[in-house]
Amino acid sequence: MTRPEAVAEEHQLFDKGSLDATENRRLAAIQVELDQCWDLLRQRRALSETGRDVSEAQLRPSEIVEKYIG
């Protein structure tokens with residue numbers, strides 16, 4: 025799934041309002057996936073700003089990304 029597709033599905037689920045257990049799990053999974061995308065983007069920007077190769081950025085596991093605060 026592409027990031028735009030994930031965002032669209034996330035919005036669709038949010039707009040639906042009341043979700044069943046399966047939809048709640050799907051929404052949570054999408055949110056984790058998008059958090060990983062944002063983390064990767066932040067890594068790439070930081071590398072670029074410091075003159076380093078943006079290809080050094082790596083997708084971090086959800087267990088790490090989901091522990092970030094703020």
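Per the working numbering, the sequence shown starts with residue 25, numbered consecutively.
All residues carry an ideal CB built from backbone N, CA and C; glycine is no exception.
(Q) For a test of the three-state rule: what should DSSP assign to Ser42, helix, strand or coil? (A) Correct three-state label for Ser42: coil.
Q: Let me know if Ile93 comes out buried or exposed under the rule of 16 or more other beta-carbons within 10 Å of its beta-carbon.
A: Here Ile93 is exposed: its Cβ has fewer than 16 other Cβ atoms, across all protein chains shown, within 10 Å.
Q: Would you kindly work out how many angstroms separate the C-alpha atoms of Ala45 and Arg68, rounded to a whole number?
A: Taken atom to atom, the span from the alpha-carbon of Ala45 to that of Arg68 is near 35 Å.
Q.
Assuming contact is defined by CB atoms lying nearer than 8 Å, are Gln55 and Arg84 in contact in what I supplied?
A. 8 Å or more divides the Cβ of Gln55 from the Cβ of Arg84.
Q) Taking just the CA atoms, how far does Leu51 sit from Glu34? A) Going from the Cα of Glu34 to the Cα of Leu51 covers about 6 Å.
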